[in-house]
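In this note's numbering, the protein residues as written are 113 to 361.
Scroll down for the structure; my scribbles are underneath it.
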């Protein structure tokens with residue numbers, strides 16, 4: 113049995129799941145981020161699975177998503193990278209709200225996500241040393257390079273447009289996980305990807321795996337791929353994430 117509620121933390125509407133009767137007890141906690149153009153409700157099965165395994169799962173809506181959506185889909189399409197950065201910046205606010213009520217058991221605080229949420233998880237790992245473990249599902253650790261092809265914020269054909277693009281992306285450069293490999297290597301990290309992913313290529317995960325191996329920094333890495341799977345979460349991926357946190361949180 114679990115308890116699943118919707119509540120506001122740090123001004124952000126979240127799904128909040130716990131084992132039944134343990135809502136107000138300190139628990140190992142996973143903050144889970146959803147994908148682009150989706151919402152916390154669409155990914156609620158992650159919260160259910162984590163709570164069933166004994167964790168507290170908190171799933172915030174990203175800016176311009178779910179309860180924070182203003183209805184302008186076209187405007188949102190040009191804000192992917194801004195929203196990703198805002199996710200990363202908001203993590204300390206959510207953590208502080210949870211710790212204020214003594215809901216996180218000691219240092220047992222982890223982050224996970226899928227697609228844009230997986231990139232958020234990697235960005236969080238690169239930036240915040242207090243995160244104990246991280247699971248990235250079908251994401252990428254190469255923000256600046258991938259922004260050239262995945263939901264680019266601006267057209268960048270002319271020299272002037274390229275300069276505008278670079279200026280728009282500049283605030284995200286320091287958040288790029290590929291520039292902080294040591295921070296991805298010093299704690300348990302799960303990377304999962306479908307090999308036939310048609311949105312975020314699986315090559316992004318192979319590339320990060322190889323970079324960590326080249327740095328001789330892959331001792332904490334678990335990397336899983338599923339053949340024939342496109343940009344979606346499978347039951348096997350969900351089970352792998354829960355098992356990973358069961359061992360590393």
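Quick reminder that beta carbons are idealized off the backbone N, C-alpha and C, glycines included.
The model shown is predicted, which means the values in this text are computed figures rather than measured ones.
- Shortest Cα-Cα distance from residue 331 to any of 355, 349, 302 and 262 involves 302.
- DSSP places residue 325 in no beta strand (DSSP E) but in the uninterrupted alpha helix (DSSP H) bounded by 315 to 326.
- Here residue 230 has 248, 249, 250 and 251 as same chain residues with Cβ atoms under 7 Å from its own Cβ, once five neighbours each way along the sequence are excluded.
- Checking the DSSP bridge columns, you'll see residue 305 partnered with 337.
- Our two residues, residue 335 and residue 260, have alpha carbons roughly 25 Å apart in a direct line.
- For residue 159, same chain residues with a beta-carbon under 6 Å away, outside a window of 5 residues either side, are 127, 129, 169 and 171 in chain order.
- Annotation: residue 141 to residue 225 spans about 14 Å, alpha carbon to alpha carbon.
- DSSP lists no beta-bridge partner residue for residue 157.
- In terms of Cα proximity to residue 349, the closest of 359, 338, 358 and 357 is 338.
- Annotation: residue 285 to residue 113 spans about 43 Å, alpha carbon to alpha carbon.
- The beta-carbon separation of residue 145 and residue 199, rounded to 6 Å, stays under the 8 Å limit for a contact.
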